[in-house]
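In what follows, a single structure is set out as structure tokens and then discussed.
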Amino acid sequence: MLKQTTFFASSLIFLCFLHCSTLILSQAPALAPAPPGPTNVTKILEKAGSFSVLIRLLKSSQIVSNLNNQLNDSNNGITIFAPSDNAFSSLKPGTLNSLTDQQQSELLQFHMIPSYLTTSQFQTVSNPLRTQAGGDVTSGRFAFNITTTGNSVNITTGLTNTSVSGTVYTDGQLAIYQVDKVLLPIDVFTPKPPAPAPAPEKPKKKKHISEGPSTAADASGAVSNYILITFNVVVVYGVAIVAAMLVTL
Ligand SMILES: *[C@@H]1O[C@H](CO)[C@@H](O)[C@H](O)[C@H]1NC(C)=O
Ligand SMILES: *[C@@H]1O[C@H](CO)[C@@H](O)[C@H](O)[C@H]1NC(C)=O
Ligand SMILES: *[C@@H]1O[C@H](CO)[C@@H](O)[C@H](O)[C@H]1NC(C)=O
Ligand SMILES: *[C@@H]1O[C@H](CO)[C@@H](O)[C@H](O)[C@H]1NC(C)=O
Ligand SMILES: *[C@@H]1O[C@H](CO)[C@@H](O)[C@H](O)[C@H]1NC(C)=O
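Note that my numbering has the sequence shown beginning at 371, numbered continuously upward.
This is the structure we're talking about:
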């Protein structure tokens, strides 16, 4: 009798141990400061917060997978000027949706320099600076200028003047700086002479991208489901072990 009670007590402790250690293990990845493995631009921007429009555009244009692939080759450096959600919401309404998919990609790649730039290197860059949207180095298309005064780093595209408002991330290969305006390339937004008559609205096959920040917090939901499932599996598993031990007694 005493032996059995001791056995049940230790089984309970065992179950509790499984339960607790599982919870700790499941939460560990979320607490880790730098996730191991290849650089994940989406993850970095998600963690920084306030870049949900940029993340959505990077995903829908599939530029994010090109970026992650480029970064997986350690010989490549990239600098991203990341417009905040405020930057996107201060665009003229409909600006993004008026662009073709190709132009949206160019706009995004205009915010990326195909080399790693530290803040001190901003003082010595040679203008105009070629961007990922540029293609041919000599074309001079899709380039912008960076000038510095004291601690302020100014960017001018010919259409947009702004300054770098903060460093989001640097690791020696990838640098992400926040800008509070979307950098508008002259090559996309140069006003064209007005059309003779407004053409009737043709049905266009185009992704509509909301320019406001997303409210969904689906990632955290997924994590708690994962913990719940793991927990259930472990409890069932633990009970099975106890049952098996009882049978063999
Ligand atoms: C990058 O992180 C995001 C979310 O943090 C995730 O959805 C995506 O699958 C990750 N991509 C890679 C290639 O690991
Ligand atoms: C990164 O590159 C290595 C080889 O250089 C490759 O084995 C690996 O699959 C790549 N990882 C990703 C996520 O592309
Ligand atoms: C940078 O921009 C600020 C205001 O945004 C302006 O006062 C300053 O003169 C600019 N500096 C350069 C070098 O253009
Ligand atoms: C960028 O700098 C180059 C060289 O200094 C200059 O010719 C050009 O006008 C500048 N462009 C803008 C938009 O300021
Ligand atoms: C940007 O700044 C330059 C001078 O630094 C000025 O001539 C130009 O008009 C400004 N452009 C815009 C769009 O504010």
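Each residue gets a CB set at the ideal place from its N, CA and C atoms; glycine is no exception.
Taking C-beta atoms as the reference points, Val-549 and Ala-452 count as a pair closer than 8 Å.
Residue environment analysis places Glu-476 among the buried positions, since at least 16 neighbouring C-beta atoms fall within 10 angstroms of its C-beta. Annotation note: the segment 494–524 contains the following uninterrupted beta strand (DSSP E) runs of length 3 or greater, listed N- to C-terminal: 513–519.
Apart from the 5 residues on each side of it in sequence, Phe-559 sits with its Cβ closer than 8 Å to the Cβ of Leu-529 in its chain, given in chain order.
Straight through space, the alpha carbons of Ala-545 and Ile-516 are spaced by roughly 15 Å.
Contiguous alpha helix (DSSP H) elements confined to the segment 408–481 occur at 411–418, 422–430, 433–442, 455–459, 471–479, taking only those with 4 or more residues.
Take Tyr-539, set aside five residues on each side of it, and the residues of its chain with a beta-carbon closer than 8 Å to its own are Ile-414, Ala-418, Ala-545, Ile-546, in chain order. By the neighbour-count criterion, in which a residue is buried when 16 or more other Cβ atoms sit within 10 angstroms of its Cβ, Gln-493 is exposed.
Of Arg-500, Ile-450, Phe-512, the smallest CA-CA separation from Ile-433 is found for Ile-450. By the Cβ neighbour-count rule, Ser-454 is buried, with 16 or more other Cβ atoms within 10 Å of its own. Tyr-547 has Phe-451, Thr-537 as its beta-bridge partners, per DSSP.
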